[in-house]
Structures are given as C-alpha cells and as structure tokens.
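For the protein sequence lines, the chains are L and P, in the order given. The opening position of the first sequence corresponds to residue 1 in UniProt numbering, with each subsequent residue numbered one higher. The opening position of the second sequence corresponds to residue 1 in UniProt numbering, with each subsequent residue numbered one higher. Note that the Cβ used here is the ideal one computed from N, Cα and C, for glycine as well.
There are 2 protein chains.
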Amino acid sequence: MTAAVETARGTRRTPADKYDERRTQLAISALETLGELGYARTSLREIANNSEFSHGVVHYYFADKFELITHCVRHYKSQCVTRYDGLVAESRTAEELLARFADKLVETMTTEAPVHRLWYDLRTQSMFEEQFRPDVLLIDATLQEMIGRVVTTYAELAGRPLTMDVATIYALLDGVFEKGLLAHLVGDRGASSDLRARVSDLLPRLLG
Amino acid sequence: MTAAVETARGTRRTPADKYDERRTQLAISALETLGELGYARTSLREIANNSEFSHGVVHYYFADKFELITHCVRHYKSQCVTRYDGLVAESRTAEELLARFADKLVETMTTEAPVHRLWYDLRTQSMFEEQFRPDVLLIDATLQEMIGRVVTTYAELAGRPLTMDVATIYALLDGVFEKGLLAHLVGDRGASSDLRARVSDLLPRLLG
DNA sequence: CCCGCTGCTTGACGCCCGTCAAGCATTGCT
DNA sequence: AGCAATGCTTGACGGGCGTCAAGCAGCGGG
C-alpha cells in the first residue's frame with residue numbers, strides 16, 4: 001500500500017501529497033466560486049468551470065458536495081486564524097494596537113469581502129442544517145480566540161483590565177463588522193470610515 | 001373593470017380584498033417553510049405543500065418566486081416593527097425598560113427562532129444578490145429605528161444621554177442577538193441567560 | 001336554468017442539479 | 001518497449017426545480 005516514491009533520500013512528492021494538493025486546489029476554486037455566488041447558487045459544475053478541471057473530477061477527490069464544502073471551510077479557517085497575530089506581536093502601545101487592528105479590519109472587509117460574506121452565509125446555513133454545525137462552531141470559536149488575543153493584549157498594553165468577557169466582545173465586534181460588510185457591499189462609501197470609527201470607539205470602553 | 005360587490009353600503013369584501021388575502025395567506029405559508037428550511041432549500045412546491053393549495057396556485061397570485069419572497073419579507077416587516085413598542089410605552093423606569101427589553105429579546109429568540117434565522121439568511125443573501133437589497137435595507141433600517149426607540153427612551157428614563165449613535169448600538173445588539181440565536185439553535189442551554197446578561201450589561205454602558 | 005367568469009388543479013416543458021460509470025490519456029515501473 | 005495504474009474527461013441517469021398552459025369545479029348574474 002501507499003507505495004512511496006521518494007526520489008532521493010528525503011520525503012519528497014509522495015502520491016498522497018499530490019492528492020492533498022489537488023484537493024486543496026479544488027477547495028480554493030470552490031471558495032472563490034462560493035464567495036462570488038453564495039452557497040445557495042453554487043453548483044459543483046460551476047466550481048469546476050472556475051477551475052481548470054471538468055465537472056467530473058470533483059467526485060474523484062471528494063465523496064460528495066458536502067465533503068468538498070467541509071474541506072473548503074477548514075482551509076478557510078487555516079488561513080484566517082493568524083490574520084491579526086502579527087499586529088498583536090508587533091504593537092508596542094495600546095493606541096498603536098487599536099489603530100492597526102481597526103485598519104486591518106477595514107482592509108480585510110474591503111479586499112476580502114467575498115470570503116467574509118461566504119462565512120456569514122455558511123454560519124447562517126448552520127442555523128438550518130445540522131451537518132454544518134461542527135465546522136462552523138469550530139471556526140467561530142477560533143475567530144473568537146483570535147479576537148480574544150487582540151483585546152487581552154490591548155488591555156495589557158493599556159495596563160487596565162477588560163470589563164467584559166471575550167465571548168461578548170466577539171459578538172459586539174462581529175455585529176459591527178457584519179453591518180460594515182453589508183454597507184460596503186451595497187456601495188456605501190462611508191462603510192470603511194464607519195467601521196474604523198466604531199471599532200476605535202468601542203475598544204476603549206471595554207477597559208476598566 | 002373591478003366590479004365591486006359591496007354587499008351593503010359599506011366597503012366590504014371586494015374581489016381585490018380576497019386577492020390580497022390569499023396572497024398574504026400564501027406568504028404566511030411561505031414564511032413558515034422558509035423559516036424551517038432556509039432560503040437555499042425552499043422550493044415553491046414545498047411552500048404549496050405546507051399550505052392547503054397545490055403548487056400551481058403560486059403563479060396565479062405571484063408572477064414568480066422572487067415576487068413571492070418579496071411579499072413575504074414585507075409581511076414579516078409589518079409584523080416586527082411594533083414588537084417592542086408596548087414595553088417602551090409602558091415602562092416607567094430605566095431599570096424596568098431594560099429588564100423587559102432583555103426578557104422580550106430572549107422570548108423572541110426562543111419562540112420565534114425560525115423567523116429570525118430566516119431574517120439572517122435573507123440579509124446574507126442580499127450580500128450576494130442585488131434583487132434582495134432594497135427590501136433588506138428597508139427592513140434593517142426599520143429594525144434599527146425600533147432599537148433606536150428603545151434605547152433613546154431608556155436614556156430619557158435614566159436621565160442620562162446616549163454616548164453612541166443608534167446605528168452602532170443596533171450593530172452591537174444585533175451581534176449579541178445573532179450569537180445568542182446560533183447558540184440557542186445548536187442546543188446551548190445557557191443561550192437565554194447569556195443573551196439576557198449581555199444585554200443587561202451592555203445598555204447601561206451606553207449612557208453618559 | 002344555463003352561461004361565463006373566477007379560482008384552483010393537473011400535467012407537462014425544459015433546464016440544471018448531484019452523482020457515477022465508462023473510457024481515454026498520461027505517467028512511471030519493470 | 002510494453003504494461004498497468006493513475007488522473008481526468010465525457011456523457012448519461014434520475015430527480016427536482018420554476019414556469020406555464022389547459023382544463024375542471026363552483027358560484028353568481030342574466
């Protein structure tokens with residue numbers, strides 16, 4: 001089984017690697033299509049059309065549509081976990097962290113709007129379909145932890161304690177971000193500055 | 001045209017009334033089905049199955065699927081605008097208003113979960129599909145005004161000014177409610193008490 | 001009493017979906 | 001060089017969808 005074909009002595013290019021690579025490649029194509037059309041209107045044929053493969057290949061790498069989408073959201077998660085870790089590690093003052101965090105939120109809202117609306121789409125789907133819940137809840141918890149690292153570092157730099165639990169803070173920021181994203185997508189020019197202002201106003205209020 | 005059949009002298013039971021009545025009746029059936037299955041999985045046949053009519057009747061009262069769904073969301077809006085007006089008018093102290101508001105949020109989250117997840121579903125659909133945006137934005141503005149009436153009254157009763165604009169407050173509460181709804185739907189027993197606690201904690205912070 | 005209109009059902013259409021089997025092309029091993 | 005396994009394409013399937021046309025039932029007006 002698993003006839004490894006290591007070219008030299010190193011562990012290079014096993015068939016399993018190729019396989020996983022194609023799965024990820026298809027998952028990326030799928031994420032792009034899903035981000036463009038949304039879950040309801042995305043078909044496997046459309047995903048394949050937006051890739052360099054034909055529609056039948058999906059069933060070579062995935063058992064069914066659900067396994068593909070699951071693989072997609074896991075890939076998405078692996079990308080977004082570390083999105084704010086850089087500015088958390090680098091910022092030296094609370095004010096700097098807050099400014100950079102707000103800027104990053106605005107940037108990701110504008111430049112990665114499709115993937116964010118997809119996230120909200122899938123999270124809402126999980127309210128209807130049980131199948132999605134494990135992955136959605138895991139990603140939601142991961143995002144919450146990410147936000148948690150930002151705000152606890154912010155509090156430490158400010159030398160003052162947080163007066164709210166991280167889960168609630170995440171809910172507040174999520175509401176602000178979702179409102180901003182919708183405004184941005186419907187063409188509201190003030191969406192970016194509104195988001196920045198709201199985040200900049202909100203975080204200082206959370207300190208004791 | 002429009003041969004009115006007023007029975008007595010009053011304006012009673014014109015054919016147009018019957019027509020609108022059926023439209024609303026179908027819209028209610030549609031809302032129930034949509035709340036159960038979500039937008040992506042709801043078909044016109046399924047809607048008709050959950051009503052007392054057959055699948056063809058939809059096209060007698062609505063031009064197409066989109067017109068039906070539009071009629072649905074408008075009916076939904078007309079129901080929810082006044083949801084909190086009672087407690088706004090009746091509450092005599094800020095504390096009473098806050099407690100009743102939090103209770104009402106919890107109650108509506110638990111007893112009307114399907115229609116709320118449908119609202120989040122449609123709002124997310126509007127991020128992808130332009131057709132939905134006018135109605136979604138109008139409902140969102142209506143909900144925001146409703147929340148605005150609650151919090152401004154709350155501030156007046158407390159004798160202290162609001163230190164945040166209504167749009168931002170709506171975003172915060174929406175984030176808290178959406179998180180609560182998801183938790184409730186996945187079976188989290190603490191969802192209700194969490195929502196109540198978060199709202200009870202949040203509103204006092206918004207006063208100067 | 002019968003006719004015609006309104007309200008609803010039934011059935012059919014073309015389309016697109018997820019899925020899968022069969023076959024072709026390419027690669028890599030012996 | 002020849003063969004077998006791998007990787008991908010093609011085409012077909014059953015089914016569900018939105019839509020719509022034709023037809024039936026029941027009621028009200030002449």
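Would you call the CB atoms of residue i and residue j closer than 8 Å?
i	j	result
residue 88 of chain P	residue 160 of chain P	no
residue 170 of chain L	residue 97 of chain L	no
residue 127 of chain L	residue 34 of chain P	no
residue 253 of chain L	residue 39 of chain L	With chain L covering 1 to 208 only, the question about residue 253 of chain L has no answer from this structure.
residue 139 of chain L	residue 77 of chain L	yes
residue 136 of chain P	residue 117 of chain P	no
residue 113 of chain L	residue 26 of chain L	no
residue 192 of chain P	residue 115 of chain P	no
Do you know how far the Cα of residue j is from the Cα of residue i?
i	j	result
residue 93 of chain P	residue 158 of chain P	7 Å
residue 177 of chain P	residue 70 of chain P	24 Å
residue 1 of chain L	residue 75 of chain L	With a pLDDT of only 35 at residue 1 of chain L, under 50, the local geometry of the prediction cannot be trusted, and the value read off the model is given with reservation. Going by the C-alpha atoms only, they are around 27 Å apart.
residue 50 of chain L	residue 172 of chain L	36 Å
residue 60 of chain L	residue 44 of chain P	33 Å
residue 99 of chain P	residue 200 of chain P	7 Å
residue 109 of chain P	residue 101 of chain P	12 Å
residue 204 of chain P	residue 198 of chain P	11 Å
residue 156 of chain L	residue 166 of chain L	14 Å
residue 9 of chain L	residue 142 of chain L	With a pLDDT of 35 at residue 9 of chain L, under the threshold of 50, the predicted position of this residue should be treated as unreliable, and no value is reported.
residue 147 of chain L	residue 83 of chain L	10 Å
residue 3 of chain P	residue 31 of chain L	Low per-residue confidence applies at residue 3 of chain P: pLDDT is 37, beneath 50, and the placement is therefore not dependable enough to give any value.
residue 12 of chain L	residue 21 of chain L	Unreliable positioning characterises residue 12 of chain L in this predicted model, as indicated by a pLDDT of 47, which lies under 50. A coordinate reading is not provided.
residue 64 of chain P	residue 56 of chain P	11 Å
residue 196 of chain P	residue 79 of chain L	34 Å
residue 145 of chain P	residue 91 of chain L	38 Å
residue 119 of chain L	residue 23 of chain P	34 Å
residue 152 of chain L	residue 103 of chain L	18 Å
residue 53 of chain L	residue 111 of chain L	27 Å
residue 17 of chain P	residue 62 of chain P	15 Å
residue 47 of chain P	residue 73 of chain P	15 Å
residue 133 of chain L	residue 187 of chain P	11 Å
residue 129 of chain L	residue 179 of chain L	24 Å
residue 5 of chain L	residue 190 of chain L	For residue 5 of chain L, the pLDDT reaches just 36, beneath the cut-off of 50, and the residue's location in the model is therefore unreliable, although a value from the coordinates is still provided. Roughly 56 Å separates the two Cα atoms.
residue 85 of chain P	residue 168 of chain P	20 Å
residue 233 of chain L	residue 42 of chain L	Since the first residue shown for chain L is 1 and the last is 208, residue 233 of chain L is missing from the structure and cannot be characterised.
residue 95 of chain P	residue 164 of chain P	19 Å
Would you list the one or two residues that DSSP bridges to residue i?
i	result
residue 162 of chain L	L/207
Hey, residue i and residue j are a contact pair by Cβ (cut 8 Å); roughly how many whole angstroms apart?
i	j	result
residue 162 of chain L	residue 207 of chain L	7 Å
residue 174 of chain L	residue 183 of chain L	Not confirmed; about 15 Å, so no contact.
residue 243 of chain L	residue 131 of chain L	As displayed, chain L neither begins before 1 nor continues past 208, which places residue 243 of chain L out of reach and without an answer.
residue 58 of chain P	residue 68 of chain P	6 Å
With a threshold of 7 Å (Cβ to nearest heavy atom), would residue i be considered close to the ligand FMN?
i	result
residue 121 of chain L	By its list of ligands, the structure shown contains no ligand whatsoever, and the ligand FMN lies outside what it can speak to.
Chain-ordered residues of the segment 137-159 of chain L with a beta carbon less than 7 Å from chain P
The residues in question are 137.
Using a Cβ-Cβ cut-off of less than 8 Å, list which residues of the segment 119-135 of chain P approach chain L; keep chain order.
Cβ contacts with chain L come from 120, 121, 123, 124, 125, 126, 127, 128, 129 and 133.
Going along the chain, which residues of the segment 50-66 of chain P sit with their C-beta nearer than 8 Å to a C-beta in chain L?
Listed in chain order, the positions of the segment 50-66 of chain P with a beta carbon within less than 8 Å of a beta carbon of chain L would be empty, since no residue qualifies.
Chain-ordered residues of the segment 193-204 of chain P with a beta carbon less than 9 Å from chain L
Taken in chain order, the members of the segment 193-204 of chain P whose beta-carbon sits within less than 9 Å of a beta-carbon on chain L are 194, 197, 198, 201 and 202.
Any C-beta of chain L within less than 9 Å: which residues of the segment 81-103 of chain P qualify?
Of all residues in the segment 81-103 of chain P, none places a beta-carbon less than 9 Å from a beta-carbon of chain L.
Can you pull out the residues from the segment 167-182 of chain P whose beta carbon lies closer than 9 Å to at least one beta carbon of chain L?
From the segment 167-182 of chain P, only 167, 168, 170, 171, 172, 173, 174, 175, 176, 177, 178, 179, 180, 181 and 182 have a Cβ closer than 9 Å to chain L.
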